[in-house]
Amino acid sequence: MKGCDCCGEPAIARVREPNRHFCATHFTGFFEDRVGRTIRDDNMIKPGDRIALALSGGKDSRALILVLSHLLPVWENVHLVAITIDEGIEGYRDETVRAARELTAILGIEHHTVSFEDLFGNNLDTLLVGREREACTVCGIIRKKALTVAAEQYSATKIATGHNLDDEAQSVLMNTLRGDLPRFVRDAAQENPYFIPRIKPLSLTPEKEIAIYLMVNNAWNVLPECPYTRFALRAEVRGMLTKLEYRYPGTMLHLIETKKKIGRYCAGAQVSEPIRRCRECGDPCSADLCQVCQLRHSLGR
Amino acid sequence: MNIILPDNSGRTVDPAPRTIEQVLMELGINPIEVIVSVNGKLVPEDVIVSGNDEIRIVRVAHGG
Numbered sequence: 001m002k003g004c005d006c007c008g009e010p011a012i013a014r015v016r017e018p019n020r021h022f023c024a025t026h027f028t029g030f031f032e033d034r035v036g037r038t039i040r041d042d043n044m045i046k047p048g049d050r051i052a053l054a055l056s057g058g059k060d061s062r063a064l065i066l067v068l069s070h071l072l073p074v075w076e077n078v079h080l081v082a083i084t085i086d087e088g089i090e091g092y093r094d095e096t097v098r099a100a101r102e103l104t105a106i107l108g109i110e111h112h113t114v115s116f117e118d119l120f121g122n123n124l125d126t127l128l129v130g131r132e133r134e135a136c137t138v139c140g141i142i143r144k145k146a147l148t149v150a151a152e153q154y155s156a157t158k159i160a161t162g163h164n165l166d167d168e169a170q171s172v173l174m175n176t177l178r179g180d181l182p183r184f185v186r187d188a189a190q191e192n193p194y195f196i197p198r199i200k201p202l203s204l205t206p207e208k209e210i211a212i213y214l215m216v217n218n219a220w221n222v223l224p225e226c227p228y229t230r231f232a233l234r235a236e237v238r239g240m241l242t243k244l245e246y247r248y249p250g251t252m253l254h255l256i257e258t259k260k261k262i263g264r265y266c267a268g269a270q271v272s273e274p275i276r277r278c279r280e281c282g283d284p285c286s287a288d289l290c291q292v293c294q295l296r297h298s299l300g301r
Numbered sequence: 302m303n304i305i306l307p308d309n310s311g312r313t314v315d316p317a318p319r320t321i322e323q324v325l326m327e328l329g330i331n332p333i334e335v336i337v338s339v340n341g342k343l344v345p346e347d348v349i350v351s352g353n354d355e356i357r358i359v360r361v362a363h364g365g
């Protein structure tokens with residue numbers, strides 16, 4: 001049996017980079033310290049912030065709300081409000097929405113649910129008939145809009161999402177494969193008069209460690225995976241990256257560091273179209289029509 | 302050794318002592334993608350298992 005590097009108690013987890021073993025207590029401490037450091041290093045949270053936390057009910061957002069609720073006393077006058085976007089995905093979303101509701105009730109955190117049906121008149125399953133391969137793209141565009149609408153409604157100064165290290169590394173690789181430089185260097189956390197800044201406190205936290213954190217803190221639920229996942233390029237990139245990460249520990253972190261370096265080199269350069277207003281709905285965007293209006297047209301709505 | 306796979310199906314493997322990591326690789330499972338418990342307790346993947354150990358493998362589901 002392996003012992004915890006901090007106290008010698010039986011270890012429940014091994015962190016690979018750097019190689020360390022932790023018991024449940026010290027793993028929780030290590031996990032929360034790293035999230036706190038990520039927040040501090042990137043100035044993610046300021047006193048007085050009202051943070052709209054995107055709470056899907058899945059493991060990443062559950063871990064995010066748990067760790068932020070533990071770290072909250074450190075920041076002066078910071079308020080959390082959890083927002084769950086219900087896309088209406090059959091056999092998937094109901095369970096996760098329920099999980100989100102239960103967790104916020106236990107933590108005593110304000111919680112609101114916003115549905116695709118309420119905002120756009122249809123759920124995702126209906127919108128995607130015959131377009132399953134575009135599921136993640138369509139869902140991503142509408143969820144982003146739904147989250148923005150809800151965050152504005154509840155007066156948020158920041159939007160926090162549960163994107164983890166694996167997600168971020170996958171995005172770097174996907175944007176490289178697509179040749180999408182603007183998206184590659186985009187930093188949604190930057191203050192911007194058009195958008196509520198988005199912060200990702202778990203962006204340096206591996207996905208596996210998030211699951212361990214939930215398990216040792218009795219917050220693990222076996223929830224279904226989104227049924228549209230298999231259609232996405234991301235699924236293939238995920239498999240490639242986990243293979244590389246296993247053989248070459250630190251690969252994902254290096255990808256994130258590379259993105260940050262390239263972002264610094266591109267600072268001040270015009271790598272994307274300047275922000276303007278959508279000619280139909282008035283939302284800020286980098287084209288004549290915003291992505292939501294473009295999608296509406298392509299769906300014939 | 303008895304293994305409970307992520308889909309809850311069971312398998313029996315050679316009881317010779319080796320690390321969980323080695324068992325996972327034999328099953329074609331990437332240790333980065335799963336969490337493992339042995340006899341009901343969460344353990345790191347460099348722990349040695351053998352004999353009548355019961356190993357449960359849980360896949361870290363994506364999306365969240």
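These protein sequence lines map, in sequence, to chains A and B.
Quick note on our numbering: the first sequence kicks off at 1 and runs consecutively.
Quick note on our numbering: the second sequence kicks off at 302 and runs consecutively.
Glycine included, every Cβ here is placed at the ideal spot set by N, Cα and C.
At 8 angstroms on the CB atoms, spell out the chain B contacts of residue i, in chain order.
i: A/Met215; result: Ile336 and Leu343
i: A/Thr242; result: Asn331, Ile333 and Glu334
Is any non-hydrogen atom of the ligand NAP found closer than 8 angstroms to the C-beta of residue i, if you look at the structure I gave you?
i: B/Asp315; result: This structure does not include the ligand NAP; it has no bound ligands of any sort.
State yes or no: is the beta carbon of residue i nearer than 9 angstroms to at least one beta carbon in chain A?
i: B/Asn340; result: no
i: B/Ile333; result: yes
i: B/Val324; result: no
Would you mind working out which of the options sits nearest residue i, comparing C-alpha positions?
i: A/Val185; options: A/Gly263, A/Pro47 and A/Val114; result: A/Gly263
i: B/Thr313; options: B/Val359, B/Arg360, B/Asp354 and B/Val361; result: B/Asp354
i: A/Asp60; options: A/Cys23, A/Gly29, A/Asp187 and A/Ser203; result: A/Ser203
i: A/Leu71; options: A/Ala150, A/Val35, A/Glu9 and A/Pro197; result: A/Val35
i: A/Arg50; options: A/Ala150, A/Asp5 and A/Ala24; result: A/Ala150
i: A/Ile210; options: B/Ile333, B/Ser351 and B/Glu322; result: B/Ile333
i: A/Phe31; options: A/Ala54, A/Gly48, A/Leu68 and A/Gly57; result: A/Leu68
i: A/Ala24; options: B/Asp315, B/Val344, B/Pro316 and B/Val361; result: B/Val344
i: A/Pro274; options: A/Pro284, A/Glu280, A/Cys266 and A/Ala267; result: A/Pro284
i: A/Leu66; options: A/Thr84, A/Arg98, A/Thr28 and A/Thr126; result: A/Thr28
i: B/Ile321; options: B/Val339, B/Pro307 and B/Asn309; result: B/Val339
i: A/Lys158; options: A/Leu165, A/Ala82, A/Glu132 and A/Arg133; result: A/Ala82
i: A/Val292; options: A/Lys144, A/Asp42, A/Glu17 and A/Gly88; result: A/Lys144
i: A/Phe116; options: A/Lys2, A/Ala146, A/Gly130 and A/Arg98; result: A/Ala146
i: A/Pro73; options: A/Gly48, A/Arg62, A/Glu95 and A/Leu241; result: A/Gly48
i: A/His111; options: A/Gly57, A/Asn122 and A/Gly162; result: A/Gly57
i: A/Arg62; options: A/Met1, A/Glu17 and A/Arg101; result: A/Arg101
i: A/Gly300; options: A/Ile106, A/Val129 and A/Ala99; result: A/Val129
i: A/Asp166; options: A/Glu245, A/Cys226 and A/Arg98; result: A/Glu245
i: B/Val350; options: B/Arg360, B/Gly341, B/Val361 and B/Pro318; result: B/Pro318
i: A/Lys362; options: A/Arg16, A/Ala54 and A/Arg93; result: The requested residue 362 of chain A does not occur in the structure, where chain A is confined to residues 1 to 301.
Anything in chain A within Cβ reach of residue i, meaning under 7 angstroms, just list it in chain order.
i: B/Glu346; result: Arg14
i: B/Val361; result: Glu207, Lys208 and Ala211
What are the boundary residues of the beta strand (DSSP E) that includes residue i?
i: A/Phe31; result: Taken as a continuous stretch (DSSP letters only), A/Phe31 belongs to no beta strand (DSSP E), being part of the alpha helix (DSSP H) at Ala24 to Asp41.
i: A/Ile85; result: His79 to Asp86
i: A/Arg50; result: Arg50 to Ala54
i: A/Ser272; result: Looking at the DSSP string, A/Ser272 is not in any beta strand (DSSP E), and its letter there is neither H nor E.
i: A/Val15; result: Ala13 to Val15
i: A/Ile159; result: Lys158 to Ala160
Between which two residues does the alpha helix (DSSP H) harbouring residue i extend?
i: A/Val97; result: Arg93 to Leu107
i: A/Ala150; result: Ala135 to Gln153
i: A/His297; result: Gln291 to Ser298
i: A/Ile212; result: Glu207 to Val216
i: A/Ile262; result: Thr251 to Cys266
i: A/Leu68; result: Lys59 to Leu71
i: A/Glu132; result: From DSSP, A/Glu132 is part of no alpha helix (DSSP H); its letter is neither H nor E.
i: A/Ala169; result: Leu165 to Arg178
i: A/Leu181; result: Leu181 to Val185
i: A/Glu117; result: Phe116 to Phe120
If you run the structure through DSSP and keep just helix, strand and coil, what is residue i?
i: A/Thr242; result: helix
i: B/Asp308; result: coil
i: A/Ile45; result: coil
i: A/Cys285; result: strand
i: B/Ser338; result: strand
i: B/Arg360; result: strand
i: A/His111; result: strand
i: B/Ile330; result: coil
i: B/Val344; result: strand
i: A/Arg279; result: coil
With a threshold of 9 angstroms between beta carbons, is residue i in contact with chain B?
i: A/Lys200; result: no
i: A/Lys2; result: yes
i: A/Ala24; result: yes
i: A/Tyr246; result: yes
i: A/Pro197; result: no
i: A/Lys144; result: no
i: A/Val222; result: yes
i: A/Lys260; result: no
i: A/Lys59; result: yes
How would you list, in chain order, the residues of chain B whose beta-carbon sits under 9 angstroms from the beta-carbon of residue i?
i: A/Glu236; result: Correct list: empty, because the minimum Cβ distance to chain B is about 13 angstroms.
Just the chain B side, please: which residues come within less than 7 angstroms of residue i by C-beta, in chain order?
i: A/His21; result: Pro345
i: A/Ala11; result: Pro345
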